[in-house]
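Numbering (our numbering), first residue to last: 98 to 239.
For glycine and all other residues, C-beta sits at the position ideal for the given N, C-alpha and C.
Below is one structure, written out as structure tokens; comments come after it.
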Ligand SMILES: [Zn+2]
């Protein structure tokens, strides 16, 4: 498999907290699976009454929305909520922290080579340009 998905509740907690604020969360008196839950404004249907809490296996977080015909389909795992509603910075750091690219070294290596190759070509082009300009001005002087 190309990517390995790494679950880490401590890592996910700060994303959960950020989204709770983003969705105007209010701490619920009830716990979900033994952890604090928050009443939020559902990002999928924009209605209040949705809840964010910890999943049953306590490894990740969930968004639950009771509204009929909500685009969330009733529940969404945190990974999906971030993909759908977090800003790109948040999505980037989430992705970096979760998905371990098994071929990362390979990708980085070939990318570096490509960049080097491109910059060499650019340098060569520049040299060629100045060379041409030099010849051109020399010719026009004659
Ligand atoms: Zn909803």
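- Just so you know, the alpha carbons of residue 107 and residue 166 end up roughly 32 Å apart.
- Assigned with DSSP and collapsed to three states, residue 109 falls in helix.
- According to DSSP, residue 187 shares a beta bridge with no other residue.
- Between residue 162 and residue 171, the gap from beta carbon to beta carbon is short of 8 Å.
- The beta carbon of residue 135 sits no closer than 7 Å to any heavy atom of ligand 1.
- A distance criterion of 7 Å places the beta-carbon of residue 159 beyond contact range of ligand 1, judged by its closest non-hydrogen atom.
- Sixteen is the threshold: when 16 or more other Cβ atoms of the shown chains lie within 10 Å of the Cβ of residue 135, as they do, the residue is buried.
- Around the beta carbon of residue 174, a 10 Å sphere encloses fewer than 16 other beta carbons of the protein chains shown; the residue is thus reported as exposed.
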